[in-house]
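In the numbering used here, the protein residues as written are 548 to 822.
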Amino acid sequence: MRVYLGCGGYSNDDWTAPGLIYEGVRKDGYLDAYARHFDAVELNSSFYAIPGLKAFEGMARKSGGRTRFAVKLNRAFTHDRAPTDADFDRMLQSPEPLRDAGLMGPYLAQFPYSFHRTADNRKYLLGLAERFAGHELAVELRHASWDKPEVREGMGEFGLIWVSPDYPPVGGMPEPQVHVTGDVGYLRLHGRNEGSWWEGKSAAERHDYLYSRAEMDEWAEKIALVAEDLSELYVFFQNTTRGHALKNIPMLREALNARGVPVATPDPGDDGRLL
Numbered sequence: 548m549r550v551y552l553g554c555g556g557y558s559n560d561d562w563t564a565p566g567l568i569y570e571g572v573r574k575d576g577y578l579d580a581y582a583r584h585f586d587a588v589e590l591n592s593s594f595y596a597i598p599g600l601k602a603f604e605g606m607a608r609k610s611g612g613r614t615r616f617a618v619k620l621n622r623a624f625t626h627d628r629a630p631t632d633a634d635f636d637r638m639l640q641s642p643e644p645l646r647d648a649g650l651m652g653p654y655l656a657q658f659p660y661s662f663h664r665t666a667d668n669r670k671y672l673l674g675l676a677e678r679f680a681g682h683e684l685a686v687e688l689r690h691a692s693w694d695k696p697e698v699r700e701g702m703g704e705f706g707l708i709w710v711s712p713d714y715p716p717v718g719g720m721p722e723p724q725v726h727v728t729g730d731v732g733y734l735r736l737h738g739r740n741e742g743s744w745w746e747g748k749s750a751a752e753r754h755d756y757l758y759s760r761a762e763m764d765e766w767a768e769k770i771a772l773v774a775e776d777l778s779e780l781y782v783f784f785q786n787t788t789r790g791h792a793l794k795n796i797p798m799l800r801e802a803l804n805a806r807g808v809p810v811a812t813p814d815p816g817d818d819g820r821l822l
């Protein structure tokens, strides 16, 4: 199993703090600096506006061919749920430079908590699977009504990747387990900031959480149990606030290696900063 470790997004201005990876780095150099430390990134900007070909060409170039990109579907697909044919065309065609460079990871469909398991929503998800057939599509379903073996079995039949999550223990959401629906696994670690998950005024506030070493050991154990069932596993830390993810990724890497799951440590070259 090839494990890819990275963060939800790379445009994090608070990583310019002393000792973190963007200290003294201009904003247009963030991706280059990021790619020296992590071999995967979840692209957030595509949720708000689908980048064009030239933007994706720039990402492939600035990452130096070192980083896989998981591309988040635009909100038209997951929140508004009224994508046009033009939206599908742009979402499928624009990342072509990443495919050409061998840097394309799965698409990510991040549905909101309000997307319950209803007949209409099941039909919508099936339609989405059909339109993205031939492409890896990871699906995060935040409402607990989807957290059932038969749902994952159906997703596997249609080639969809179940996103295994780690949420705060607030109830009503899927349990923190690694589930396998195909050759590729996908894990999103949101942190466990129970107090601000519903009341937080921003994503940064909700994800303000530093995992302990024991919590990283817990996830390493779960990952090791499915290592022989997967060819690839993407693990994305969403707790980027104040550089928490920068501290947690080395913890998980170390915990996985200790359990016989090999994870490469990128060589940052001249840029030796991480913490």
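In this text, a Cβ means the ideal position worked out from N, Cα and C, and glycines have one as well.
Fair warning: this is a prediction, and the values are worked out from it, not measured in the lab.
Per DSSP, W766 is one residue of the alpha helix (DSSP H) stretching across 760–772. Ranked by Cα distance from E643, the options A805, L600, Y654 are led by L600. For G706, the three-state secondary structure derived from DSSP is coil.
Rounded to whole angstroms, the Cβ separation of W766 and R753 is 19 angstroms, and the two are not in contact under 8 angstroms. In this structure the stretch 627–634 does not touch the stretch 600–609; the number of beta carbon pairs closer than 8 angstroms is below three. Three or more Cβ pairs drawn from the stretch 555–569 and the stretch 581–592 lie within less than 8 angstroms of each other, which places the two stretches in contact. Assigned with DSSP and collapsed to three states, V698 falls in helix.
According to the DSSP assignment, P644 belongs to no beta strand (DSSP E) but to the alpha helix (DSSP H) extending over 643–647. Cβ neighbours of D764 within its own chain (closer than 7 angstroms, five residues either side excluded): A802. Put simply, the backbone Cα of D586 is about 16 angstroms away from that of K794. With contacts defined by Cβ atoms closer than 9 angstroms, F784 and G553 form a contacting pair. By the CB criterion at 9 angstroms, L650 and T614 fall inside the cutoff.
Boundaries of the beta strand (DSSP E) around L780: 779–784. In its chain, beyond the 5 residues on either side, F603, M606, A607, F616, V618, M651 have a beta carbon closer than 8 angstroms to the beta carbon of L645. By the Cβ neighbour-count rule, G742 is exposed, with fewer than 16 other Cβ atoms within 10 Å of its own. In this structure, the beta-carbon distance from N621 to Y660 does not fall below 9 angstroms. Put simply, the backbone Cα of Y577 is about 9 angstroms away from that of W562. Where E801 is concerned, the enclosing alpha helix (DSSP H) starts and stops at 791–805. The alpha carbon of E589 has as its nearest neighbour, out of K670, E704, R735, E677, the alpha carbon of R735.
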